[in-house]
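>
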Amino acid sequence: MDTEIELKFEVSPQDLRKLRAARILHRKPRKEEELTSVYFDTPKHKLASKGVSLRVRRNGNKRLQTIKSRQFEGSFRRSEWEQEIKGDIPNLRKAQGTPLAPLLTKKLKRNLKPIFETCIHRVSVPLRKNGSRIEVALDEGQVRAGQKFAPIGELELELKRGKAGDVFRLARKMGELVPAKLALKSKSERGYDLIEGRPAQAVHAEKIKLRRGTSAADAFLIIGRSVLRHITANQAAVEKADPEGVHQMRVGLRRLRAAISLFSKLLGDKQTERVRFELKWLLGELAPARDLDVYERHAVEPLRRAEPAKRGIKLLEDVLASRRAAAFARAKVAVDSPRYRSLLLDTLQWLEIGDWIRRSRRFGARPIERFAADILARRTRKAKKKVKKLSKLDTRVRHKLRIAIKKLRYAIDFFEHLFEGHKARKRVSRFKACLEHLQDCLGDLNDIKVHQELAPTLAAEKPRTKVDARAFAIGIVSARERSKMEPLLIAANKNARKFARLDPFWT
219 MDTEIELKFE VSPQDLRKLR AARILHRKPR KEEELTSVYF DTPKHKLASK
269 GVSLRVRRNG NKRLQTIKSR QFEGSFRRSE WEQEIKGDIP NLRKAQGTPL
319 APLLTKKLKR NLKPIFETCI HRVSVPLRKN GSRIEVALDE GQVRAGQKFA
369 PIGELELELK RGKAGDVFRL ARKMGELVPA KLALKSKSER GYDLIEGRPA
419 QAVHAEKIKL RRGTSAADAF LIIGRSVLRH ITANQAAVEK ADPEGVHQMR
469 VGLRRLRAAI SLFSKLLGDK QTERVRFELK WLLGELAPAR DLDVYERHAV
519 EPLRRAEPAK RGIKLLEDVL ASRRAAAFAR AKVAVDSPRY RSLLLDTLQW
569 LEIGDWIRRS RRFGARPIER FAADILARRT RKAKKKVKKL SKLDTRVRHK
619 LRIAIKKLRY AIDFFEHLFE GHKARKRVSR FKACLEHLQD CLGDLNDIKV
669 HQELAPTLAA EKPRTKVDAR AFAIGIVSAR ERSKMEPLLI AANKNARKFA
719 RLDPFWT
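Residue 219 is where the sequence shown starts when you use our numbering, and the numbers rise one by one after that.
This is the structure:
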């Protein structure tokens with residue numbers, strides 16, 4: 219078994235040609251290959267659901283069977299078992315000692331079949347950097363499944379021997395030549411996306427399943443890698459102005475900032491602060507698109523259906539459409555920018571080999587179940603103290619409470635699988651449901667506040683000749699939202715009282 223240490227980047231065909239001609243790769247011994255890889259799974263994708271991939275690669279007369287496991291949860295390290303076989307069908311006897319072996323029931327063997335293939339023209343160039351051996355691969359081709367296909371253009375940097383830091387330094391050098399965007403999806407994941415029709419759809423967070431006994435430092439790595447995958451998985455949806463894609467990327471960014479806060483005892487270095495700052499920048503670039511979309515769908519559209527004769531509503535919608543289009547264009551520019559590409563690479567490097575790893579020795583070795591119990595107890599105690607005063611809180615303090623509740627929910631999402639047993643699961647379910655209802659109420663109240671601040675800017679938009687009608691419509695929208703505040707506060711207080719009585723599930 220080998221552990222791959224590699225970075226992958228999405229690159230356009232035009233930029234792949236630039237890289238092939240780049241001085242850093244020119245006049246080096248290079249190898250060109252035509253690689254066809256057939257991936258096998260069951261109709262219900264049992265292997266993919268277990269984080270395992272099985273392929274047979276054809277390279278001339280040679281056949282290589284490769285089994286990969288995503289045990290490192292989205293990092294740039296993957297466990298790989300590769301063996302030469304005869305023929306185009308997997309030799310399952312050679313799967314012994316791999317993560318595939320426990321899955322090989324008689325039923326699975328019967329149902330195993332080819333589900334998609336990749337056809338790649340690969341140019342490989344070996345490089346030496348500071349004593350490290352790194353293989354650069356430029357891949358251009360397609361992933362195919364029946365009549366469906368999607369292009370593949372990738373730059374791969376694989377560390378054969380040496381220090382991981384040298385791979386990141388080389389990646390930055392390549393990034394100066396072409397706009398290469400970090401990709402945390404493997405070719406097999408692209409194939410499953412093609413089959414299931416989700417190449418540019420919004421992607422929700424994957425479940426994080428931590429094991430008891432895992433160190434706190436390793437748990438933070440698993441969480442960070444998973445959340446970074448969540449962020450990058452929504453790039454295409456943001457670029458296509460999908461509101462849910464923008465929302466999910468913002469959720470990913472907030473989850474990563476929450477993880478940094480929850481594991482603050484392990485962190486506290488300058489690199490961490492730089493990452494936090496850049497995550498906040500990207501949140502800010504996406505915020506206008508999200509706020510305007512929520513205003514339009516939740517505040518304006520229902521009123522249009524209720525009162526279609528109001529001319530001002532149509533004028534308001536026209537202004538909103540223009541402002542909304544500009545906000546989504548701003549989000550697209552952000553994820554197409556060099557700053558965003560640097561953010562992804564910097565965040566991955568920080569997670570994998572950052573200064574925090576050396577600094578975390580004091581607390582990082584603690585079993586995660588103990589570390590998590592302390593976090594959950596402390597955060598819950600503080601949140602319960604605040605919710606008791608909910609009815610007396612002003613808008614600013616209520617907003618802080620909403621953020622605290624959201625972080626507690628993220629903490630439960632991260633840690634819930636550590637607490638097994640029927641009683642614990644029931645308590646977790648009650649905890650999550652109560653927090654969700656409370657967060658929804660506080661979120662709706664916060665949206666109303668954001669919309670009240672947005673209203674004057676919408677009223678002042680051109681054309682000025684129609685300001686009165688538009689301002690009248692905005693007044694109707696604002697009045698309707700204000701009428702919801704009292705019921706929302708009552709519901710929030712009801713859920714706050716429930717939350718204050720909840721028993722802990724981590725003891």
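Ideal placement from N, C-alpha and C gives every residue a C-beta, glycine not left out.
#1: Are the beta-carbon atoms belonging to V361 and G409 less than 8 angstroms from one another?
#2: Specify, as a first and last residue, the run of the alpha helix (DSSP H) that L611 falls within.
#3: Can you tell me the Cα-Cα spacing of V456 and K550, whole angstroms?
#4: Are there three or more Cβ pairs, one per stretch, closer than 8 angstroms when the region 556-567 is compared with the region 491-511?
#5: Between which two residues does the beta strand (DSSP E) carrying G359 extend?
#6: Excluding five sequence neighbours on each side, which residues of the same chain lie with their C-beta closer than 7 angstroms to the C-beta of F334?
#7: Quick check on DSSP: helix, strand or coil for A539?
#8: Does H339 come out as helix, strand or coil in the three-state DSSP assignment?
#9: Note down the Cα distance separating E634 from R473, rounded to an integer number of angstroms.
#10: Just the Cα atoms here: how many angstroms apart are S647 and K425?
#11: In three-state terms, what does DSSP make of N452?
#12: Which residues does DSSP pair with V518 in a beta bridge?
#13: Check whether the Cβ atoms of E250 and L282 sit closer than 8 angstroms, and answer yes or no.
#14: Suppose you measure from the CA of G315 to the CA of L594; what does that come to, to the nearest Å?
#15: What's the gap between the Cα of V354 and the Cα of V274?
#16: Enumerated in chain order, which unbroken segments of the alpha helix (DSSP H) with a length of 4 residues or greater are wholly contained in the region 622-688?
#17: How about K378 and I352: do their beta carbons lie closer than 8 angstroms?
#18: Report the rounded CA-to-CA distance for R670 versus G359, giving the unit in angstroms.
#19: As a quick exercise: from L538, G530, F481, R492, pick the residue whose alpha carbon is nearest that of R508.
#20: Which of helix, strand or coil does DSSP assign to A527?
#21: In or out: V385 buried (at least 16 other Cβ within 10 Å) or exposed?
#22: F495 lies in the alpha helix (DSSP H); which residues open and close that run?
#23: In the structure shown, what three-state DSSP assignment does V396 receive?
#24: So, is G305 buried or exposed, given that buried needs 16 or more other C-beta atoms within 10 angstroms?
#25: Provide the residue span of the beta strand (DSSP E) that contains Q283, from first to last.
#26: Alpha carbon to alpha carbon, how far is D665 from A691?
#27: When you compare each of L318, E376, D357, G380 to P369 by their alpha carbons, which one comes out closest?
#28: Let me know the secondary structure DSSP gives N277 once reduced to three states.
#29: Measuring only the C-alpha atoms, how far is R588 from T336?
#30: Check the DSSP bridge columns for A368 and list the partner residues they point to.
#31: Are the beta-carbon atoms belonging to K716 and C659 less than 8 angstroms from one another?
#32: Select from K641, A709, R616 the residue whose C-alpha is nearest the C-alpha of D721.
#33: Whole angstroms is fine: what's the gap from L501's alpha carbon to D554's?
#34: Could you give the DSSP three-state label for P344: helix, strand or coil?
#35: With distances taken from CA atoms, which of R597, E638, F581, P461 is nearest A543?
#36: For the alpha helix (DSSP H) containing V605, list its first residue and its last residue.
Looking at the atomic coordinates:
#1: yes
#2: Where L611 is concerned, there is no enclosing alpha helix (DSSP H), given that its DSSP letter is neither H nor E.
#3: 6 angstroms
#4: yes
#5: 350-363 is the extent of the beta strand (DSSP E) around G359.
#6: Y257, V361, R362, A363, G409, L412, I413
#7: In the structure shown, A539 sits in a helix (DSSP, three-state: H, G or I).
#8: strand
#9: Near 15 angstroms, if we compare the C-alpha coordinates of R473 and E634.
#10: 15 angstroms
#11: coil
#12: Beta-bridge pairing links V518 to no other residue.
#13: no
#14: 38 angstroms
#15: 22 angstroms
#16: 640-677
#17: Going by C-beta atoms, K378 is nearer than 8 angstroms to I352.
#18: Reading off the sequence shown, one finds Gln at residue 670, where the question assumed Arg. Answer to the nearest angstrom: the Cα atoms are 51 angstroms apart.
#19: Of L538, G530, F481, R492, the smallest CA-CA separation from R508 is found for L538.
#20: Note that A527 scores 46 on pLDDT, short of 50, meaning its location in the model is unreliable and no value can be drawn from it.
#21: With 16 or more Cβ atoms within 10 Å of its Cβ, V385 is classed as buried.
#22: 488-512
#23: coil
#24: exposed
#25: For Q283, the enclosing beta strand (DSSP E) starts and ends at 280-287.
#26: 18 angstroms
#27: D357
#28: In this structure, N277 counts as strand in the three-state DSSP scheme.
#29: 45 angstroms
#30: V361
#31: Against a cut-off of 8 angstroms, the Cβ pair of C659 and K716 comes out as no contact.
#32: K641
#33: 15 angstroms
#34: strand
#35: P461
#36: 586-605
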